[in-house]
Amino acid sequence: MSRKGLLLFLACGIAWGVPYFFIKVAAEDFSPSMIILSRVLVGALVLTPIAIKRGAFMPALKAWKVSLAFALFEMAGPWWLVTSAEKGHISSGLAGLLIATVPFFAMASTYYYLGDKSAVHKKNIFGLAIGFVGIFLLVGIDAFTQNLELVWVGAVILAAVGYAIAPAIASKEAPNVERIGVIAVSMIFVAVIYAAPAALNPLADGVTTPKWESWAALAVLGVVCSAIAFVLFFDLMKEIGFSRASLITYVNTAVAILLGVLFASEDLTIGMWVGFPLVAIGSYLASRRHA
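For what it's worth, the working numbering labels the leading residue of the sequence shown as 1, then goes sequentially.
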């Protein structure tokens, strides 16, 4: 991986690792629908003017079927599935572990849908496996000690599938449309989808006046975790390829757990000490190109 690729990889991993923390903050005062609507509204407000200036908005709008597919598979569907699953059905740790299956689905999409055989190499698969073991250790065996509701486990896996195939669809079906345009138009579509549910139920139960911290969390989720993160991810895809770029889900989980330790007084376990290096080693091995 080039220096630019490494910097993009780390930046994107952090940008998509912090949402878990800020969603937790925002969820104290806002409903899931309002959180999702706020993310895409703020993201669209940031990206749309840039996309228009670059001449990328209208081409993405003309390719509306691709933009809509990206909106449904990357944002509207997965965000609802994960948010709903974590609301009393499965733990956030287990959700993070299930989302870490994205690179496996991404590798399959790269091989069968995009026709890129280079990403499917035994050393890459070995790296994926090491990274996944690291994620398992980070999350902890206690994630499985709960009474699992298999429907919601399946829902999060379905979200992981969506995360894996959405960028592949955009890359194959609209290769000449600048990605910032696709993201901006997709966010507008998601905003339309969630406008009514958010208007009917904007606040969490029992909340009348949201705290400033919750408003700030919404702003960070929109600007950093949506607008900036998507731009970084597509730049990363250009640099190292789609399948390898999907490995940021390993980094995401590691960053989310680290934030929990630093700011939410969560325990630093032996599994975390072992898991973090394994995530780093696995990501390195899985992201290398092999002849």
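All C-beta atoms, glycine included, are put in the ideal place defined by N, C-alpha and C.
Keep in mind the model is a prediction, meaning the values are calculated, not measured.
Item checked: Closest Cα partner of A159 within the set L8, E239 and A85 -> A85
Q) Does the segment 218 to 228 touch the segment 15 to 25, meaning 3 or more C-beta pairs lie closer than 8 Å? A) yes
At the level of alpha carbons, what is the spacing between M58 and A170? 15 Å
* To do: Confirm, please, whether the CB-CB distance from V153 to L98 is below 9 Å.
  => yes
For the alpha helix (DSSP H) containing M107, name the first residue and the last one. V102 to Y112
Q. Can you tell me whether DSSP reads G247 as helix, strand or coil?
A. It should be noted that the sequence gives Leu, not Gly, for residue 247. Three-state result, L247: coil.
**Q.** Buried versus exposed call for T208 [16 or more other C-beta atoms within 10 Å across all chains shown]
**A.** exposed
By alpha-carbon positions, which one of V161, I90 and A108 ends up nearest to L72? V161
Would you call the CB atoms of V42 and A219 closer than 9 Å? yes
- Message: Quick check: the Cα distance between A51 and R179, rounded to an integer number of angstroms?
- Response: 9 Å
Open item on the list: On a Cα-Cα basis, can you pick out the residue from I188, V255, A217 and L203 that is closest to A69?
Closed with: I188
(message) For A198, report the span of its alpha helix (DSSP H) as first-last.
(response) R179 to L200
Item to complete: Specify, as a first and last residue, the run of the alpha helix (DSSP H) that T48 falls within.
Response: P32 to K53
Within the continuous alpha helix (DSSP H) that includes A11, where are the two ends?
R3 to A15
| task | Starting from the Cα of A100, find the closest Cα among D235, T83 and Y163 and give me that residue. | result | Y163
Proximity to I248 [Cα-Cα], best of P202, I270, S186 and I135: I135
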